[in-house]
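In this note's numbering, the protein residues as written are -1 to 168.
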């Protein structure tokens, strides 16, 4: 669980030490969606944590199920082209739900995906310099960081605006 080191300090003459487990392969994967209301006046962030696991096609299906239960209106998913998003299981699942449409961002265009800005903001702020030794501690920290972003309407809107998507936000 190597931390993203953003900045550090120490008294002059003392090299700062950021302790970490060198051989630990634990992690927390996060799946997220950024939504905007049809009136384009309110944004929301939905996320799911997967401690010590990768985001699989089954995780994507479960996440989309949760989104469809939470969001009553027609749903337009615009995804990057990661393998779980293009999986047959996901494609078949989405065919069963006519109110959900799926589109993909162009290849190699992460700057168009507003969720990428969520990741960058979270890693460079709340999660920077965090050297968690326990998986539970890292999971809690990641959840707290995402909840902090979730509650900031102006920040969510800035992610959408910065992506350059033609949304005409109010």
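Backbone N, C-alpha and C fix where the C-beta goes; we use that ideal spot for every residue, glycine too.
**Prompt:** Going by Cα to Cα distance, which pick from 37, 45, 26 and 58 is closest to residue 169?
**Reply:** Lying before the first or after the last residue shown, residue 169 is absent from the chain, which here runs from -1 to 168.
**Request:** Please classify residue 106: does DSSP put it in a helix, a strand, or coil?
**Result:** coil
**Request:** Could you check what DSSP says for residue 115 in three-state terms: helix, strand or coil?
**Result:** helix
**Prompt:** Should the region 101 to 111 be called in touch with the region 77 to 84, which here means at least 3 C-beta pairs below 8 Å?
**Reply:** yes
**Asked** According to the neighbour-count rule (16 or more other Cβ atoms, all chains shown, within 10 Å of its Cβ), is residue 116 buried or exposed?
**Response** buried
**Asked** Which runs of the alpha helix (DSSP H) spanning at least 4 residues fall entirely within the region 8 to 87, listed in chain order?
**Response** 55 to 68 and 81 to 84
**Request:** Return yes when the Cβ of residue 112 is within less than 7 Å of the Cβ of residue 161, no when it is not.
**Result:** yes
**Request:** To the nearest angstrom, report how far apart residue 15 and residue 128 are at their CA atoms.
**Result:** 12 Å
**Request:** To the nearest angstrom, report how far apart residue 38 and residue 158 are at their CA atoms.
**Result:** 11 Å
**C-alpha gap between residue 126 and residue 120, whole angstroms** = 8 Å
**Asked** With distances taken between CB atoms, is the gap from residue 26 to residue 136 smaller than 7 Å?
**Response** yes
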